[in-house]
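Numbering (the UniProt record's numbering), first residue to last: 1 to 194. Each residue gets a CB set at the ideal place from its N, CA and C atoms; glycine is no exception.
What follows is the structure, encoded as C-alpha cells:
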C-alpha cells in the first residue's frame, strides 16, 4: 500500500528541493518511464501536489520540452527519450568542426552552447546540431561573418549540452572528446553548470 503524503509533509519536501531541480527530476522520470505518468504519480514521486506538477509541466513546456498529456498521464515524444550531459570543452575556431563532427558521428546531438562570462554572466544559444549537414550549415553561418562563435568571448572555453540515446553512447562521446583534447577542467564555481 502506497503512503499518502500529507500537506505538511509536502511543504517540507518542497522546501528541501528547488523548483528547478524538481522540474529536472520530473522530466527525467517521464523520460525514463515506459508508461505514461500521471500528475498524481509524479507528485507522489517528487513530494509535491498534482497542482504543482501541472505548473512544473507548463514551465517545462515553455523551456521547449514537448511533453504530451494523455488520458493516462504525461509522455515525451520518442526523440526526447534520451540522456543528456553537459561537457566543458576548449578549442580554437579551427577545431570547431572536428569537435562537432566527433559528437554527431558517435550518435550525439549538440543541443546548445553556453559560455560563463565573468562580466556578462551566462550566455547561451540553441544549436540543435544532429548531423554533419547541420555542422556544415552552422559553420557556413559563422564563416559568412554575420556573427562570431560564443567561444571567442571566453578564450575558447564553453559548455555544450549533448543528447544521445543511451549512457553508453554518451560515454563514448566523452572518451572521444577527452582523447582529442577537447575536454576542459570544470572550475569550482562552474559545478552548478553540470
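Cα atoms of residue 72 and residue 170: separation of roughly 31 Å, rounded to the nearest angstrom. Looking at the DSSP output, residue 70 shares a beta bridge with 73. The continuous alpha helix (DSSP H) containing residue 62 extends over residues 50 to 62.
Fewer than three pairs of CB atoms, one per stretch, sit closer than 8 Å, so the region 82 to 90 makes no contact with the region 50 to 66. Under the DSSP definition of a beta bridge, residue 85 partners with 162.
Between residue 61 and residue 46, the CB-CB gap reaches or exceeds 8 Å. Each residue's CA atom was taken as its position, placing residue 82 and residue 120 some 31 Å apart.
Under the DSSP assignment, residue 129 falls in the beta strand (DSSP E) whose first and last residues are 121 to 129. Straight across, the Cα-Cα distance linking residue 148 with residue 154 is about 12 Å. A straight line joining the alpha-carbon of residue 150 with that of residue 181 spans about 19 Å. Of the other Cβ atoms in all chains shown, 16 or more fall within 10 Å of the Cβ of residue 44; this residue is therefore buried. With fewer than 16 other CB atoms across the displayed protein chains lying within 10 angstroms of its CB, residue 32 is exposed. Residue burial is scored here from C-beta neighbours: residue 68 has fewer than 16 other C-beta atoms within 10 angstroms and is therefore classed as exposed.
Here residue 104 is near residue 130, since their CB atoms are less than 8 Å apart.
Its chain contains 89, 113, 114, 115, 150 and 151 as the residues whose beta carbon lies nearer than 7 Å to that of residue 158, once the 5 sequence neighbours on both sides are disregarded; these appear in chain order. Beta-bridge annotation (DSSP): residue 37 is paired with 74. Here residue 19 is exposed. Its C-beta has fewer than 16 other C-beta atoms within 10 Å.
Beta-bridge pairing by DSSP links residue 91 to no other residue.
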